[in-house]
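With the first letter of the sequence shown counted as 1, position 9 gets the number 8 in numbering that gives the first Met the number 0; the numbers rise by one all the way through.
Even for Gly, the Cβ is constructed at its ideal location relative to N, Cα and C.
Here's the structure, in structure tokens; my notes come after.
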Amino acid sequence: MSRRAIFLLMLLAALGPPGLGSGTAAAQPAERGAYIFAAAGCAGCHTDVKNGGQLLAGGRALETPFGTYFGPNITADREHGIGGWSDADFIRAMRHGVSPDGGHYYPVFPYPSFTLMTDGDMRDLKAYIFSLPAAATPNKPHEIRFPFRFRFLMAVWKYLFFEPGAYAADGGQSAAWNRGAYIVRALGHCGECHTPRNALGAVRAGRHLSGTKAGPDGEPVPNITPHRTTGIGGWTADEIAELLRSGETPLGGEVDGEMWEVVKNGTSKLTPEDLAAVADYLKNIPAVANQVFPGP
């Protein structure tokens, strides 16, 4: 066996499969789930921090072109949360965007990205959520404009824009790149904010991570493809990893707003190996020209 082959086998053993959470398979499900929980940023949309809400008790408002959505209670409370859900119910929601009673979820719940997660990571995530304190906090009804409030229309939306299924590794790429792809596309669902959308709220094909002037709450979101002038093509892999670890940009500034929440509660908790994998992925995806912010 060549030295190169031995090195590749050692690298694969060190990184593990794309769906593996923190540590080893011997870790407890809730322990692995805590890492996935951070990478997926679950606390952000499901906790009303502004009004002192309990962790994952819901109530956070998200303004969209279709109306205002309120993050639901996903604690283990059986009446107001998801305490009555089985593992199969949880996986069905994450993989297919379908509730235990068969209703379609709005894609503001990023199941178009979460569908790429492995079953094992979904089960571990549920185990961690169920290990947290339950909250008997009622859900707030969404305030959605006509006709988008009709859930049956989501079946049509899914037919047009949604393809369920776990992430399939790209055999032409390295183990590190595939791990980065899994974190960015599935766990971190970065494309949900960093990719422009069409008039029906679906991400635009061929514009992956190229930024948008109309992100969450109407705020602009930057282009994070490796385009040299409109994206982050001038950043090194170490600079990308450092921003995700500390929030510090290559120019010495700091991210703010929702990205600061992402760093504080999510990416700062990733291992150095996973941060490097994300940087590897972002450095080696197609560069897309999209000037979100005014140039110099």
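Burial is judged here by how many other beta carbons sit within 10 angstroms of a residue's own beta carbon; Glu191 has at least 16 and is buried. Assignment of Leu269 by DSSP, reduced to helix, strand and coil, places it in the coil class.
Assignment of Val262 by DSSP, reduced to helix, strand and coil, places it in the helix class. Around the beta carbon of Ala185, a 10 Å sphere encloses 16 or more other beta carbons of the protein chains shown; the residue is thus reported as buried.
As computed with DSSP, Gly187 is found in no beta bridge at all. Per DSSP, the continuous beta strand (DSSP E) segment holding Leu61 begins and ends at Ala60 to Thr63. Counting C-beta pairs closer than 8 Å gives fewer than three between the stretch 31-45 and the stretch 276-293, which falls short of the contact rule. Distance from Thr136 to Ala56 at the Cβ level is roughly 4 Å; contact confirmed, criterion being Cβ atoms closer than 8 Å.
Per DSSP, Phe129 is one residue of the alpha helix (DSSP H) stretching across Asp118 to Ser130.
For Gly179, the enclosing alpha helix (DSSP H) stretches over residues Ala174 to Tyr181. A direct Cα-to-Cα measurement between Arg77 and Ser85 gives close to 11 Å. Short of 6 Å from the beta carbon of Ile81, and not among the five residues preceding or following it, lie these beta carbons of its own chain, in chain order: Ile73. With contacts defined as CB atoms closer than 9 Å, Pro99 and Gly83 qualify as a contacting pair. DSSP places Gly66 in the uninterrupted beta strand (DSSP E) bounded by Gly66 to Phe69.
In this structure, the CA atom of Trp156 is about 9 Å from the CA atom of Tyr105. Taking Pro225 as reference, the option from Asn283, Asn197, Gly214 and Thr211 with the minimal CA-CA separation is Asn283.
In this chain, the alpha helix (DSSP H) harbouring Phe89 covers Asp86 to His95. If the five residues before and after Ala60 are omitted, its C-beta is found closer than 7 Å to the C-beta atoms of Thr67 and Phe69, all from its own chain and listed in chain order. Counting the other CB atoms within 10 Å of its CB gives Thr114 a total of 16 or more, which places it among the buried residues.
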